[in-house]
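Asker:
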Amino acid sequence: MHKLERLLRPRTIAVFGGAQAAAVVAQSIKMGFAGEIWPVHPTKDDVAGRKAYRSVADLPGAPDAAFVGVNRHLTIEVVKALAERGAGGAVCFAAGFLETEAYDEHGERLQAELVAAAGQMPIIGPNCYGLINYADGALLWPDQHGGIRLVEGGRGVAIITQSSNIAINMTMQKRGLPIAFLMTAGNQAQTGLSEIALGLIEDDRVTSLGLHIEAFDSVAGFERLAARARELMKPIIAMKVGRSEQARQATVSHTASLAGSDAASGAFLKRLGIARVDSIPAFIEALKLLHVTGPLPGYRLSSMSCSGGEASVMADSAEGRWVNFPALTDTHRAHVKSTLGPLVAVANPLDYHTFIWNNEPAMTATFTAMVSGGFDLNMLVLDFPRPDRCSDTDWWTTLRAFESALKTNKAQGAIVSSLPENLPEEYTAGLMGRGMVPLFGISEAVDAAQAAAFIGWAWCAPQAQPIDTSASGAPAGDHVTPDEAEAKARLIEAGLPVPSGERAGNAVEAVISSMALGFPVALKALGVTHKSELGAVRLNLRDAESVSTAAHDLDALGTGLYVERMVRDGVAELLVGFTRDPMFGAVMTLGTGGVLVELLRDSVTLMLPATRDDIEAALRGLKLFPLLEGYRGRPKADLAAAIDAISGIAAFVQQNAGEIEELDINPLIVCALGKGAWIADALLVLGENKNV
Numbered sequence: 001m002h003k004l005e006r007l008l009r010p011r012t013i014a015v016f017g018g019a020q021a022a023a024v025v026a027q028s029i030k031m032g033f034a035g036e037i038w039p040v041h042p043t044k045d046d047v048a049g050r051k052a053y054r055s056v057a058d059l060p061g062a063p064d065a066a067f068v069g070v071n072r073h074l075t076i077e078v079v080k081a082l083a084e085r086g087a088g089g090a091v092c093f094a095a096g097f098l099e100t101e102a103y104d105e106h107g108e109r110l111q112a113e114l115v116a117a118a119g120q121m122p123i124i125g126p127n128c129y130g131l132i133n134y135a136d137g138a139l140l141w142p143d144q145h146g147g148i149r150l151v152e153g154g155r156g157v158a159i160i161t162q163s164s165n166i167a168i169n170m171t172m173q174k175r176g177l178p179i180a181f182l183m184t185a186g187n188q189a190q191t192g193l194s195e196i197a198l199g200l201i202e203d204d205r206v207t208s209l210g211l212h213i214e215a216f217d218s219v220a221g222f223e224r225l226a227a228r229a230r231e232l233m234k235p236i237i238a239m240k241v242g243r244s245e246q247a248r249q250a251t252v253s254h255t256a257s258l259a260g261s262d263a264a265s266g267a268f269l270k271r272l273g274i275a276r277v278d279s280i281p282a283f284i285e286a287l288k289l290l291h292v293t294g295p296l297p298g299y300r301l302s303s304m305s306c307s308g309g310e311a312s313v314m315a316d317s318a319e320g321r322w323v324n325f326p327a328l329t330d331t332h333r334a335h336v337k338s339t340l341g342p343l344v345a346v347a348n349p350l351d352y353h354t355f356i357w358n359n360e361p362a363m364t365a366t367f368t369a370m371v372s373g374g375f376d377l378n379m380l381v382l383d384f385p386r387p388d389r390c391s392d393t394d395w396w397t398t399l400r401a402f403e404s405a406l407k408t409n410k411a412q413g414a415i416v417s418s419l420p421e422n423l424p425e426e427y428t429a430g431l432m433g434r435g436m437v438p439l440f441g442i443s444e445a446v447d448a449a450q451a452a453a454f455i456g457w458a459w460c461a462p463q464a465q466p467i468d469t470s471a472s473g474a475p476a477g478d479h480v481t482p483d484e485a486e487a488k489a490r491l492i493e494a495g496l497p498v499p500s501g502e503r504a505g506n507a508v509e510a511v512i513s514s515m516a517l518g519f520p521v522a523l524k525a526l527g528v529t530h531k532s533e534l535g536a537v538r539l540n541l542r543d544a545e546s547v548s549t550a551a552h553d554l555d556a557l558g559t560g561l562y563v564e565r566m567v568r569d570g571v572a573e574l575l576v577g578f579t580r581d582p583m584f585g586a587v588m589t590l591g592t593g594g595v596l597v598e599l600l601r602d603s604v605t606l607m608l609p610a611t612r613d614d615i616e617a618a619l620r621g622l623k624l625f626p627l628l629e630g631y632r633g634r635p636k637a638d639l640a641a642a643i644d645a646i647s648g649i650a651a652f653v654q655q656n657a658g659e660i661e662e663l664d665i666n667p668l669i670v671c672a673l674g675k676g677a678w679i680a681d682a683l684l685v686l687g688e689n690k691n692v
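Each step along the sequence shown adds one to the number in the UniProt record's numbering, with nothing skipped, and position 653 is 653.
#1: Go ahead and pull the three-state DSSP assignment for residue 11.
#2: In whole angstroms, give me the CA-to-CA distance for residue 133 and residue 59.
#3: So, at 6 Å on beta carbons, what are the nonlocal neighbours of residue 74 in its own chain, with the 5 sequence-adjacent residues on each side left out?
#4: Please go through the same chain and pick out, in chain order, the residues whose beta-carbon is closer than 6 Å to the beta-carbon of residue 178, but skip the five residues on each side of it.
#5: So is residue 129 buried or exposed if we call it buried at 16+ other beta carbons inside 10 Å?
#6: With the cut-off set at 8 Å, would you say residue 636 and residue 673 are in Cβ contact?
#7: Per DSSP, what kind of secondary structure is residue 291 in: helix, strand or coil?
#8: Taking its Cβ as the centre, do 16 or more other Cβ atoms sit within 10 Å of residue 694, making it buried, or is it exposed?
#9: When you compare only the Cα positions, how much space is there between residue 306 and residue 420?
#10: With DSSP run on the structure shown, which of helix, strand or coil describes residue 660?
#11: I'd like the ranges of any beta strand (DSSP E) spanning at least 3 consecutive residues and lying wholly in the stretch 299-351.
#12: Quick one: is residue 149 buried, meaning 16 or more other Cβ sit within 10 Å of its Cβ, or exposed?
#13: Use the C-beta contact count for residue 28: other C-beta atoms within 10 angstroms, 16 or more gives buried, fewer gives exposed.
#14: Can you look up residue 679 in the DSSP assignment and give me helix, strand or coil?
#15: Go ahead and label residue 111 buried or exposed: buried means 16 or more other beta carbons lie within 10 angstroms of its beta carbon, across all protein chains shown.
#16: Which stretch, first to last residue, makes up the alpha helix (DSSP H) that contains residue 361?
#17: Within this structure, are the beta carbons of residue 181 and residue 151 separated by less than 8 Å?
#18: Does the beta-carbon of residue 119 have 16 or more other beta-carbons within 10 angstroms, so that it is buried, or is it exposed?
#19: Touch check for the stretch 546-561 and the stretch 524-538: three-plus C-beta pairs under 8 Å?
#20: How close, in whole Å, do the beta carbons of residue 302 and residue 375 come, if the pair is a contact with beta carbons under 8 Å?
#21: How big is the Cα-Cα spacing for residue 51 and residue 35?
#22: Pick from 607, 576, 153 and 624: whose alpha carbon is nearest that of residue 265?
#23: With a threshold of 8 Å, are at least 3 pairs of Cβ atoms found where one atom belongs to the stretch 18-32 and the other to the stretch 62-71?
#24: Excluding the 5 residues preceding and the 5 following residue 259 in the sequence, name in chain order all residues of the same chain whose CB lies nearer than 7 Å to its CB.
#25: Relative to the alpha-carbon of residue 546, which residue among 572, 512 and 384 has its alpha-carbon at the smallest distance?
#26: If you follow the alpha helix (DSSP H) that residue 547 is in, where does it begin and where does it stop?
#27: Out of curiosity, what's the CA-to-CA distance linking residue 347 and residue 175?
#28: Kindly identify the DSSP beta-bridge partner or partners of residue 187.
#29: Let me know if residue 408 comes out buried or exposed under the rule of 16 or more other beta-carbons within 10 Å of its beta-carbon.
#30: Within the same chain, show all residues whose beta-carbon is closer than 7 Å to that of residue 82, passing over the 5 residues directly before and after it, in chain order.
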C-alpha cells in the first residue's frame, strides 16, 4: 500500500480550525462523502451539523486524513498530536513557513519544526489548499470548487498543481474534462509533487495525470513516477513555468546563454516521456484527449470541415510542429473524391463544402472515405450555433456521420470547435461516450494532439537511463578559468580530437611554432574569454611574416599567445557545451556554433548520460543539420566522427563532474566525410581550487 493511501482515499476525516474547517465539513457533506467527519474545535459543540471534538485525543479513532486549518504555530502542535495518534496524513493549510523566508526570519525554522513533528506521518503543504477526491466525495479543501463527483465506476484524470488558485480555476472549467483527483502541493516540505503523483496514479479510476510544476522536488522521484506511469500506461502532461529571461543564470560561456534552467527542465521532461504544454487551455485539452484515446501511435492527422477558411486555419496550426496533415495518396484522394461533387478539391485538411450538409448518407460516405487513410487522429471542425437564438438540429446529422466513420474504420476522432464557447459543456460527456473527444480551440487541439503523439513516440523508445546528478548542487561562488592552452592540454590528455598547438611567449616563438606545426595556422591571444568579440584571434595565417605581424597585434591583448594548426575541409561548426545545473547536474547543449551562436539560437539541451542515438537525434533536430548531410551539393560531413567527439567530451565532463562548472566547445569543426571533427576552441571553467 502506498504511504499516501489513507490520506488520498480516506474513510474518516478530522478537521481543525474555524471558517476554513467549517467549509471543509460542508463541502464533504455536499459531495456525499460516505465516511465519518470529525470536526475538532475548542468551544463549538458541532460544525456544519457534525459533532465537534475538543482535541486529537478525544477523537473516536485515528483519522485517515486531517485538514489542519489553524495558525502556523498551532499547526505544528496539531500535526505532532496526529502523528502520535497514528493518523494517515494531514493537509497543512497555514502559510508563514519557508515561502516567507525573504521577509520572515522564522519561516524556515517553523517549517523544519513542522516536518519533525510529522515524523513518518505524511503531510501535504504547508501553504496549500489540499485535496479534492471526486471519485469518493472526500474533500480536504477550504473553498469553493466547480467540479462534480464521478459517477459510480467512472474514471477521470488527476491534477496536481503548486498553485491553489490555479487549482480552483481548473475546477471551474467548462470544457468537459472529468477530474477524479485534484491536489495542491504547497511548499512540499515533506511530501513532494512526485510522491503525491505516485500515490494518485495507482488508483484504477485515474486515466492520466496533469502536473503544474514550479520546481521539481526530486530527480529520482520524477524518474520513478515516469517509469511507473509507463508501466500502468497512464500518460503525464506537464505545464512547467519559468521560461522567462529573468530565470536564466548569468554565466560566462555561450552555452550558458542558451541553456538556462528552463531548457534543462524541458530536456528532463522529454527524457522521461512527459509531454510539456505551455498554457492552461492546452493543458486541459491534452488531458482530455489522453483520457479518451491515450497516447497516439503517430503524428499523422486528418481534418474535415465545411469551410475553406477553417481548413486553412487547421493547416496553418500544424506549421512548425511534429504533428502534420499529410497529403493524401492518389488512391485515397480518388476514394474521397468519388463521394463528393466535381467542384470540391480534395485535400488534407479537407473542405467538403456545404453541398452534402445535412445529408447523412452522403456525409457518412465522405467521412468514412477520409478516415480510411489510417490517420493517428481524425479531426472534424464543428462549431455549434448558440442555443438561445439558433437551432443545432442539423449539427447532429454531422456528428452521427462522423461517429459512423470512426466506428467503421476503428479510428480515433475529435470534434474541434474553433471558438471554445461554441461547444456546449453539456454535450461533452455524450461525445466522449461515443468515442469523439471534444476539443476546444484549434491551436489547443493541435497542442493536445502533439502532446499525445509525443508520449506515444516516447513510450515506443527504450526507457532512458537515470540522470547522472553527481554534479548537482549550487555552483561554486568563485571559479577558475584556465587559458585555452591549458584547457586543450587536458582535453588532449583525455584522448579528445584537438588540433596540434603550442604556447608561445612572443612573436619569435609564435613564428617558430607555426613553422613546426605547418601552415596554415591560427594565432590566438590567451586569457581572453570571447576572442572573436575582441579581435583576439587570427585565422589562416600562411607564412612566417603574417604570423609575426599578427603576433605583434595580439601580444598586448592577453596573457600570451597560442599557435594552432588550422582545421581544413570544415563543413559545419557546432557548439558543444556543458553547464552545471543545481538540480540535474551537468547538462549538455548542442547547437549551431560560431560567432552567431546567441543570435541563431539553434540548439537543443540533453541530460547526461546521453547515448550515441540521443546525440544523433539531437543533431538531426538542428536547423543546421542539412549542412552535415551535404546541402545543395556541398561535401557530406563526418557525422560519425562528430558523434564520437561529442560522446567523448560528455564522458570527460562526467568523469570530472565535481570540478567542472562549465565547458564551452565553440566551434567543434565537423570536416568532410572521413576527415574527422576537431575541437577548435575550448573554454573551461572550474570551481575555485578545483583541478581536473
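Even glycine gets a Cβ: it sits at the ideal position worked out from N, Cα and C.
Answerer: Quick answer:
#1: Residue 11 sits in coil when the DSSP states are folded into three classes, being neither helix nor strand.
#2: 23 Å
#3: none
#4: 156
#5: buried
#6: yes
#7: helix
#8: Since the displayed the chain opens at 1 and closes at 692, residue 694 lies outside it and no answer follows.
#9: 18 Å
#10: strand
#11: 301-305
#12: buried
#13: buried
#14: strand
#15: buried
#16: 360-371
#17: no
#18: Exposure of residue 119 is indicated by the presence of fewer than 16 other C-beta atoms within 10 angstroms of its C-beta.
#19: yes
#20: 4 Å
#21: 14 Å
#22: 607
#23: yes
#24: Its pLDDT being 45, under 50, residue 259 is placed unreliably by the model, and nothing is read from it.
#25: 512
#26: From DSSP, the alpha helix (DSSP H) with residue 547 extends over 544-554.
#27: 30 Å
#28: According to DSSP, which records beta bridges pairwise, residue 187 is partnered with nothing at all.
#29: exposed
#30: 56, 66, 90 and 121
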